[in-house]
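UniProt numbering numbers the first residue of the sequence shown as 1 and each following residue consecutively.
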Amino acid sequence: MKSNITPEAIRVVAFDCDGVMFDTEETNRIYYNTILDRFGMPPLSDEQFRYVHMATVSQALAYLFEGRVDLSEVRAATAAFDYASLIPHMKIEPDLIRVLTALSPRCKRAVATNRSNTIDAVLTFYGLSDLFELVVTSQTVAHPKPAPDQLHSIMDHFKVSAHEILYIGDSSTDQLAAQAAGVPFVAFGNPDLPADAHMEHLKEIPLLLGLPME
């Protein structure tokens, strides 16, 4: 794929959460397996996990339970779930804080995630709240990824064009959202994903943009 990244033009760097800022595989498995067990269903298969890991909670619950269990009962169970107990199980990506610090003041920093109401608690727990100027979730736009709504929202907020945003994601959902929005896309930890650039470490972002990192 021909790269659409013009490093000197980038004014906003947006990050997906799960799989980019954090390794959340263990957390998500615990969460969904607990709900499945509550309704007498077996743990996630690998195929099911791949889907729920990049879906919204609503999409994941429909995928796992629709036609098997009353979804209103499932939603009630998830509403009562103490998600805060899982946040310490999330593994923050090495260098994330250093990278976010290096991006400022040249670049604004944003989160574009299909998480819903849990992201604020996650950012607060890990001391990241003040390192992002904007957080966009599945609840703050009409359509979650792979629709481009979250990236459009970021463009509107910062009054920038598509080529001035760099989006870091790890899934086809992220790639399709970036493609639909016309935003340059970096595939993180996923060398098989079509992208303008591929990275295995977040510290490669400042290098790409020509920014020093302490």
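Glycine included, each C-beta is placed from N, C-alpha and C at the ideal position.
Span of the alpha helix (DSSP H) around residue i
{"i": "L134", "result": "From DSSP, L134 is part of no alpha helix (DSSP H) but of the beta strand (DSSP E) over L134 to V136."}
{"i": "L131", "result": "Neither: L131 is in no alpha helix (DSSP H) and is coded neither H nor E."}
{"i": "F158", "result": "D149 to F158"}
Short Cβ contact (9 Å threshold) for residue i with residue j
{"i": "L134", "j": "R109", "result": "yes"}
{"i": "L166", "j": "I119", "result": "no"}
{"i": "V111", "j": "C17", "result": "yes"}
{"i": "Y31", "j": "L71", "result": "no"}
{"i": "I168", "j": "V13", "result": "yes"}
Cβ-based burial, residue i [other Cβ within 10 Å; buried from 16]
{"i": "P191", "result": "exposed"}
{"i": "M1", "result": "For M1, the predicted model reports a pLDDT of 46, less than 50, meaning its position is unreliable and no value from the coordinates is stated."}
{"i": "P184", "result": "buried"}
{"i": "M127", "result": "Residue 127 is actually Gly in this sequence, not Met. Classification of G127: exposed, given that the 10 Å Cβ count is below 16."}
{"i": "N114", "result": "buried"}
{"i": "P148", "result": "buried"}
{"i": "T6", "result": "exposed"}
{"i": "S171", "result": "buried"}
{"i": "S153", "result": "buried"}
N- and C-terminal bounds of the beta strand (DSSP E) containing residue i
{"i": "A84", "result": "A84 -> no beta strand (DSSP E), and no H or E assigned at all."}
{"i": "F65", "result": "Note, F65: premise wrong, no beta strand (DSSP E); alpha helix (DSSP H) at V57 to F65."}
{"i": "D165", "result": "The identity of residue 165 in the sequence shown is Ile, whereas the question assumes Asp. From DSSP, the beta strand (DSSP E) with I165 extends over I165 to G169."}
{"i": "S109", "result": "Looking at the sequence itself, residue 109 is Arg, so the reference to Ser does not match. Unbroken beta strand (DSSP E) run through R109: K108 to A112."}
{"i": "M199", "result": "A197 to M199"}
{"i": "V20", "result": "Per DSSP, V20 belongs to no beta strand (DSSP E) and is neither H nor E."}
Rounded Cβ spacing between residue i and residue j (contact assumed at less than 8 Å)
{"i": "H163", "j": "N4", "result": "7 Å"}
{"i": "P146", "j": "A177", "result": "5 Å"}
{"i": "R29", "j": "L44", "result": "6 Å"}
{"i": "L211", "j": "A102", "result": "5 Å"}
CA nearest to the CA of residue i, picked from the options
{"i": "R75", "options": "R115, T137, L61 and Y32", "result": "L61"}
{"i": "Q179", "options": "L151, F188, D156 and P43", "result": "L151"}
{"i": "E25", "options": "M54, P212 and P194", "result": "M54"}
{"i": "A79", "options": "T34, P43, D46 and T101", "result": "T34"}
{"i": "D37", "options": "P105, H143, F81 and G182", "result": "F81"}
{"i": "H201", "options": "L211, L193 and F188", "result": "F188"}
{"i": "F22", "options": "P88, G40 and S172", "result": "P88"}
{"i": "P105", "options": "K203, R11 and L207", "result": "R11"}
{"i": "H143", "options": "H157, D130 and A181", "result": "A181"}
{"i": "F125", "options": "F65, A9 and K91", "result": "K91"}
{"i": "D196", "options": "T137, M41 and D174", "result": "D174"}
Beta carbon proximity, residue i to chain D, threshold 9 Å
{"i": "N114", "result": "Of the chains in the structure shown, none is chain D; there is only one protein chain."}
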